[in-house]
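Here's the structure, in structure tokens; my notes come after.
Numbering (full-length UniProt numbering), first residue to last: 1 to 354.
Here it is, written out as structure tokens:
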């Protein structure tokens, strides 16, 4: 059976993984718990760290690799290697850092992540989006250029837009007269490297050097997708008015918002900068999530206040994040099963009426 056939039989869900930098191992804990409960994942979307995990899930399912490999992968990821600097930046202290910001628009390169992810995908023969194409899926509402198992999100600073990769590539790689040509759309998408889509999604501003994407009109600067959409949980929802064939589960790297939390004003320049960063990287969509009614399909993982850029994460912290992901998914599954007993339509978040 294909992943789509398994999903339609009640054993699948699309996944959307929130960005969270070094907290990505918590995503692995949650995903494995869902998988151990019998779920497969036909399509996976992710931003930043979520894009890394999403790419691995998509590749491993296509390559018939047990998803338990996720835990090993995320545990071995060396976050200290994220802080790669040139010789001058290493030896000139603040002057070197300032030089990096001015000349490269970021403190650190990201070649380590690119090389690490390539080492996971290449042995499986997975390099471009052609290797993650959904070739047979009757009943889908997605256009041909959207029929891929992985979608990452990045923020385009040049055009001021959210970019969904690979879906939006034709707008960058094709002339205006060719953008509507289905054959040309598929051609440019199929040849696009998966590692580039992940790399573009995880370029945290000021920390990592941005990704420069060449276009038919010049070049665009892409940075972390979390600036515009850190948790795109509705990305796979149908837009043709018909019910979803299976659910989409989201995994969010933050606890569910508490009610009636005291409001405290932000005072001081540094705190204001930090608050702006936190707002831009995900907290802004708290209320829209409630309005869209997606809380019932979202796993909220307690990440213990660990910052996305805490590259000195300890082994104990990694283990606790993974365990918290497992616990959060277990709690979610209990609630989901209660809300969707035998006879319940699992494609929706509502009980049947009448």
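Don't be surprised by glycine CBs; every beta carbon is placed ideally from N, CA and C. Keep in mind that this is a model prediction, so the values were computed, not measured.
message = Using a Cβ-Cβ cutoff of less than 6 Å, which residues in the same chain neighbour residue 357 once the five nearest sequence positions on both sides are dropped?
response = Since the first residue of the chain shown is 1 and the last is 354, residue 357 is not available in this structure.
request  = Give me the Cα-Cα distance between residue 145 and residue 74, rounded to the nearest whole angstrom.
outcome  = Those two C-alpha atoms are separated by around 30 Å.
request  = Give a yes or no on whether the C-beta atoms belonging to residue 48 and residue 226 are separated by under 9 Å.
outcome  = Here residue 48 is near residue 226, since their CB atoms are less than 9 Å apart.
message = I'd like to check one pair, residue 197 with residue 166: are the Cβ atoms closer than 9 Å?
response = yes
task = Enumerate in chain order the residues of its own chain whose CB-to-CB distance from residue 254 is below 6 Å, with the five nearest sequence positions on each side excluded.
result = Correct list: empty, nothing qualifies.
From 63, 5, 309, 67, residue whose alpha carbon lies closest to that of residue 208 = 309
task = Look up residue 148 in the DSSP assignment and give the residues it is bridged to.
result = 133
query = Nearest CA to the CA of residue 250: which residue from 11, 130, 54, 117?
reply = Distance from the Cα of residue 250 is smallest, within the candidate group 11, 130, 54, 117, for 54.
request  = Look at the alpha carbon of residue 210 and the alpha carbon of residue 163, and state the distance between them as a whole number of angstroms.
outcome  = 14 Å
query = Hey, quick one: how far does the beta strand (DSSP E) through residue 300 stretch, first residue to last?
reply = 298-300
ask   = Where do the N-terminal and C-terminal ends of the beta strand (DSSP E) with residue 314 fall, by residue?
value = Residue 314 -> no beta strand (DSSP E), and no H or E assigned at all.
ask   = Taking the Cβ atom as the reference point for each residue, do residue 44 and residue 26 lie within a distance shorter than 9 Å?
value = Contact flag unset, no.
task = Could you check the C-alpha separation between residue 120 and residue 38 for me, to the nearest Å?
result = Those two C-alpha atoms are separated by around 24 Å.
key: residue 325 burial status per 10 Å Cβ neighbour count (16 or more: buried)   = By the neighbour-count rule (16 or more Cβ atoms within 10 Å), residue 325 is buried.
request  = Using the Cα positions of residue 364 and residue 13, report the straight-line distance between them to the nearest angstrom.
outcome  = Outside the shown range of the chain, which is 1 to 354, sits residue 364, and nothing can be said about it.
query = Taking Cβ to Cβ, would you say residue 31 is nearer than 9 Å to residue 77?
reply = No, Cβ-Cβ distance for residue 31 and residue 77 is not below 9 Å.
query = If we ignore side chains and look at the alpha-carbon of each, how far apart do residue 193 and residue 215 end up?
reply = 15 Å
message = Which runs of the alpha helix (DSSP H) at least 4 residues long sit entirely within the segment 50-82? Give them in chain order.
response = 69-76
query = With distances taken from CA atoms, which of 116, 188, 161, 335 is nearest residue 220?
reply = 161
message = Classify residue 135: buried if its beta carbon has 16 or more other beta carbons within 10 angstroms, exposed otherwise.
response = exposed
ask   = Which word fits residue 252, buried or exposed, when buried means at least 16 other C-beta atoms lie within 10 angstroms of its C-beta?
value = buried
task = Would you mind reading off the limits of the alpha helix (DSSP H) that contains residue 189?
result = 182-190
query = If you draw a straight line from the alpha carbon of residue 96 to that of residue 61, how long is it in whole angstroms?
reply = With a pLDDT of only 38 at residue 96, under the threshold of 50, the placement of this residue in the model should not be trusted; the figure read from the coordinates follows. If I take the Cα positions, the gap works out to 43 Å.
query = Taking the C-alpha atoms as reference points, what is the distance between residue 122 and residue 294?
reply = Here the C-alpha atom of residue 122 lies approximately 35 Å from the C-alpha atom of residue 294.
query = Expressed to the nearest angstrom, what Euclidean distance is found between the alpha-carbon atoms of residue 20 and residue 29?
reply = 14 Å
Identity of the residue in 46, 34, 188, 79 nearest residue 67 by Cα = Closest option to residue 67, Cα to Cα, is 34.
task = Please name the residue or residues paired with residue 155 in a DSSP beta bridge.
result = 162, 223
message = Suppose contacts are defined by Cβ-Cβ distances below 9 Å. Is residue 22 in contact with residue 322 by that definition?
response = no
request  = Could you please give the first and the last residue of the uninterrupted alpha helix (DSSP H) stretch that includes residue 194?
outcome  = 194-201
inquiry  = Between the alpha carbons of residue 315 and residue 125, how many angstroms are there, rounded?
reply    = 31 Å
Where residue 202 falls, given that 16 or more other Cβ within 10 Å makes a residue buried = buried
query = Between residue 189 and residue 140, what straight-line distance do the alpha-carbon atoms span, to the nearest angstrom?
reply = 19 Å
key: Spatially closest choice to residue 235 from 331, 337, 147, 1, by CA coordinates   = For residue 235, the closest alpha carbon among the candidates 331, 337, 147, 1 is that of 147.
ask   = Considering only the beta carbon of each residue, do residue 42 and residue 4 sit closer than 9 Å?
value = yes
task = Starting from the C-beta of residue 313, find all residues in its chain whose C-beta is less than 6 Å away, skip the five residues before and the five after it, and write them out in chain order.
result = Leaving aside the five residues that flank residue 313 on each side, the residues in its chain whose CB is nearer than 6 Å to its CB run, in chain order, 22, 79.
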